[in-house]
Amino acid sequence: WGFVASMYIANVLLLVLNLPLVGIFSKVATAPAHVLIPLISIMCLIGGYSVRNSMFDVYIMIIFGVVGFIFQWYRFPVVPIIIGLVLGPMLEINFRLTLKVFSGNLLGVMTRPIVLVFLVLTIILPIVAMKFKHKGMLSEKA
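Each residue of the sequence shown is one higher than the one before, counting from 11 in the working numbering.
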């Protein structure tokens with residue numbers, strides 16, 4: 011109940027602070043990028059350091075910022091990366107469980123009919139999609 015009470019207090023304080031300051035907050039959105047980008051970068055550096063008081067976290071943040079910039083530069087789609095980050099840990103856990111069930115023998119999994127159907131679909135569907143795209147049946151945005 012202490013947590014719930016603190017949430018109520020936080021909401022009331024935000025309401026009290028946000029109503030009179032909404033004009034100032036809206037001006038932030040109109041600030042030029044050459045002002046906002048350094049401020050946001052500094053805040054990110056401070057936040058990255060303050061989580062564990064480790065410069066390693068700051069270096070990792072900078073590296074992934076550069077990777078993100080390269081991805082944006084070469085127009086990599088963001089959605090597959092997010093899906094991979096979200097589903098990757100679940101895939102790893104279930105893959106370990108599968109190996110445990112089959113005593114580490116991955117070929118034992120291949121004898122299951124459902125697995126074989128999914129493997130065949132994994133091979134066939136990209137080929138079919140490439141043929142449709144080559145013939146102009148799929149749009150670029152699909």
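Just so it is clear, CB atoms sit at the ideal spot from N, CA and C, and this is done for glycine as well.
| Check | Outcome |
| --- | --- |
| Other residues of its chain near Met140: CB distance less than 7 Å, five sequence neighbours each side excluded | none |
| Which of helix, strand or coil DSSP assigns to Val88 | coil |
| 8 Å contact criterion, which Met71 and Cys54 should meet: CB distance rounded | 7 Å |
| Distance between beta carbons of Leu116 and Leu109, contact taken as under 8 Å | 7 Å |
| Burial state of Gly58 (16 or more Cβ within 10 Å) | buried |
| Reduced DSSP category for Gly78 - H, G, I as helix; E, B as strand; rest coil | helix |
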